[in-house]
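Numbered per mature numbering (1 follows the signal peptide of the UniProt record, and there is no 0), the sequence shown spans residues -19 to -1, 1 to 492. The C-beta atom is built at its ideal place from N, Cα and C for all residues, glycine as well. For clarity, every value in this text was computed on a predicted model and none was experimentally measured. Working notes, structure below.
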Amino acid sequence: MQTSILFKALAVAGVVSLAACGGGGDEPAGATTAASVTTSATKSGGLSTTAQRVSVAFTEAGVHDPSVIRANNQYYVFGSHLAAAKTPDLMNWTKIADGVSAANPLIPNVFNQLAETFAWAQTSTLWAPDVIRLDDGKYYMYYNACKGDSPRSALGIAVADHIEGPYVNKGVILKSGMWGQASHDGTIYDATKHPNTVDPNVFRDQKGKLWMIYGSYSGGIFILQLDPANGMPLPGQGYGKHLLGGNHSRIEGAYVLYSPQSKYYYMFTSFGGLDSFGAYNMRVARSRNPDGPYVDGKGTDMATVKSDPTKPLFDDASIAPHGQKLFGNHQFALAPGETGTPLGYVSAGHNSAFYDAATKQHFLVFHTRFPNMGEMHELRVHQMFINENGWPVVAPLRYVPLSKGKEVPVAVSASAAAGTYKFVNHNKEITAYVVPSQVVKLGKDGKITGAVKGTWAHRGDNNVALTLDGSSQQYRGVLSRQWNSNANAFTVTFSVQNAAGVSLWGVRTGD
């Protein structure tokens, strides 16, 4: 979710001093397209040969702030404005609901059912929900609404027997923005310290306890323990425990994923603003406990990360150095022989994530805008890997299973990794600048040449390490083969990250 453009203009002018809602964006784009290409299989280096032809198809959908859940052998995402979609393969999406109206099948007669929510939030739309199946077999939707120019919000629960609804309202569980009145913790509501009650994510920890993490801008990100019998907050917690942000920091869309591989809980959030000039970017911190403390690669307790109250509203400079930045705005230039629109993202964020126990793969699900395409947004899914330091790194290209090719190997040897790459340094800044790719070469002699210089080493099991000249910090990450639609082939890629939270991507283009 994100503040309205009107509110942003007023804030810049100094007219207001309150933090607005995050998330939501425009009404859903509703654009669905399909692309199908016929391509050849891969060489050891990831470039195509003429040995075999395969078809890779995508059917796109726009669901803002997607929250993922698996049911009925499908992956479902639920997003802002009561939009939802499903896919059997993480590539081809079918929209099942869109737009807040009485006819939406998710919550029929939504304006009547959620009358209290709309009245409190003084709005006619809904923001980013989350859906989870509890032990009674029913699906619990945590819905929310926000006024848009202030953190006056309401968060409630609706329940359904089936994943696609209909959901029946069970009532509001949290409110915010009660100016001059007592808040849920008994103190007078303060938007610099108390949360904006939106953007929920509900999850179970490894002991079976149920939690809800939530918040946007305002006082930051909070976590509450829930009753697994009914999904309601356990009594006596107020707003819960503060984990991150405050003083109207542009931080929102929290989501927690536990990795059986690393035994860490990862807290994902989006920093910046969601629109095409807002510099949205996803960051992650980790903890051994579901309710924190969460720290970044430098060991910073994220509960201390917040905007400087002495600086103008929505101070990004104070928060930009913190958290492991997964990636930011970028575009890969077309290499010789490549065709189509150059791949890249703008303001990608408000993610969810999941771990597939059967395949032992981690996945990142998010919405994104695109270079030179305004506010149009679509869903994307990328595979994630856990690096040797226990941090998730994101594959540079969208997910396509290697089974779409013929005998495409999972293992990437040192000889296969050596070659020329499109290279992107994602830095740590919160900036709307779209970083263009540069050309680098990973030499067989272990040297990096081209736009940046340094050394690299294959560390076995697809692990790779890069060290850039002028920096003492080593980047650790993973080599993998990903689908490059500009080349119509699976190609070798790398995704690495250092302790400071800077990520580097590479997509191989040649020898």
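Measure the Cβ-Cβ separation of residue i and residue j and say whether it is below 8 angstroms.
i, j, result
"V473", "A398", "yes"
"Y57", "I144", "yes"
"Y261", "G330", "yes"
"F295", "V237", "no"
"R133", "A102", "yes"
"G321", "N467", "yes"
"T430", "V421", "yes"
"K128", "T106", "no"
"S230", "K287", "yes"
"M193", "Y123", "yes"
"N90", "A100", "no"
"G227", "D297", "no"
"S476", "V381", "no"
"A126", "T168", "no"
"K387", "V37", "no"
With distance defined between alpha-carbon atoms, name the residue in the options nearest to residue i.
i, options, result
"V81", "G60, M72 and N73", "G60"
"S251", "G219, T68, Y198 and R269", "Y198"
"G118", "N211, A438 and N479", "N211"
"V44", "V346, K409, F249 and K434", "V346"
"V153", "Y121, A84 and D130", "Y121"
"N85", "N93, Q94, L63 and L95", "L63"
"A338", "F475, P216, P241 and Q463", "P241"
"Y456", "R489, R440 and P317", "R440"
"A301", "S328, I411 and Q206", "I411"
"T75", "E41, D46, H303 and I138", "E41"
"Y247", "M365, L447, K428 and G491", "M365"
"G427", "A316, S452 and S396", "S396"
"K279", "R267, G273, P290 and D272", "R267"
"V276", "Q454, K67, V149 and W372", "W372"
"A172", "W160, N182, Q305 and V381", "W160"
"L71", "E359, K434, T98 and G200", "E359"
"F404", "P390, R350, F92 and H311", "H311"
"E369", "E356, L447, Y402 and G304", "L447"
"P271", "N353, N182 and V37", "N182"
"K222", "F249, H165, G451 and S476", "H165"
"A139", "D130, V149 and K292", "V149"
"Q187", "R269, E233, K151 and L315", "R269"
"S299", "M357, I232 and F313", "I232"
"V391", "D442, Q162 and P352", "D442"
"Q478", "G451, A376 and N465", "A376"
"P274", "F203, F335, D256 and S131", "F203"
"D130", "S157, K151 and Y239", "S157"
Could you give the first and the last residue of the continuous beta strand (DSSP E) run that contains residue i?
i, result
"F59", "Q55 to G60"
"N444", "N444 to L449"
"V473", "A470 to Q478"
"A235", "I232 to S240"
"K422", "Q419 to L423"
"K119", "Looking at the DSSP string, K119 is not in any beta strand (DSSP E), and its letter there is neither H nor E."
"I50", "S48 to A52"
"R462", "Q455 to N465"
"G431", "K428 to G431"
"G441", "It is not in any beta strand (DSSP E) - G441 carries neither H nor E in the DSSP assignment."
"A66", "A64 to T68"
"G137", "S134 to A141"
"I77", "T75 to A78"
"T490", "S484 to G491"
"G307", "Checking the sequence, you will find Leu at residue 307 rather than Gly. Per DSSP, L307 belongs to the beta strand (DSSP E) from Q305 to F308."
Would you kindly report the start and end of the unbroken alpha helix (DSSP H) that includes residue i?
i, result
"F366", "Run containing F366: none in the alpha helix (DSSP H); it sits in the beta strand (DSSP E), E359 to I367."
"F99", "A96 to A102"
"A395", "A395 to A398"
Assuming residue i and residue j form a contact by the criterion Cβ under 8 angstroms, report the distance between their Cβ atoms to the nearest whole angstrom.
i, j, result
"W486", "F308", "7 angstroms"
"L136", "V179", "7 angstroms"
"H407", "S484", "5 angstroms"
"D492", "G424", "Actually they are not in contact, since the Cβ atoms of D492 and G424 sit about 11 angstroms apart, beyond 8 angstroms."
"V362", "R379", "6 angstroms"
"D116", "P216", "That belief does not hold up - the Cβ atoms of D116 and P216 are roughly 20 angstroms apart, past 8 angstroms."
"R489", "V389", "R489 to V389, Cβ: 14 angstroms. No contact."
"H348", "P69", "Contact doesn't hold; Cβ gap of about 20 angstroms is too wide."
"L87", "G146", "4 angstroms"
"N177", "M263", "Incorrect: roughly 19 angstroms between the Cβ atoms, too far for contact."
If we cut at 8 angstroms on Cβ distances, does residue i have a partner in chain C?
i, result
"A480", "The chain labelled as chain C is not found in the depicted structure, where only one protein chain is given."
Measuring from the CB of residue i, is there a heavy atom of the ligand NAP at a distance below 7 angstroms?
i, result
"K67", "Of ligands this structure carries none, so the ligand NAP is not represented either."
| Counting only runs that start and end within the region 147 to 210, where is the beta strand (DSSP E) found for 3 or more residues in a row? | Entirely contained in the region 147 to 210, the beta strand (DSSP E) runs reaching 3 residues are, in chain order, 149 to 157, 182 to 185, 191 to 195 and 202 to 207.
| said: Give the list of continuous beta strand (DSSP E) stretches no shorter than 3 residues that lie fully inside the region 219 to 297. | reply: Scanning the region 219 to 297 for uninterrupted beta strand (DSSP E) segments of 3 residues or longer gives 222 to 225, 232 to 240, 245 to 252 and 262 to 268, listed from N- to C-terminal end.
| field | Within the region 311 to 382, ranges of the beta strand (DSSP E) (whole runs, at least 3 residues) | value | 325 to 337, 342 to 350, 359 to 367 and 373 to 375
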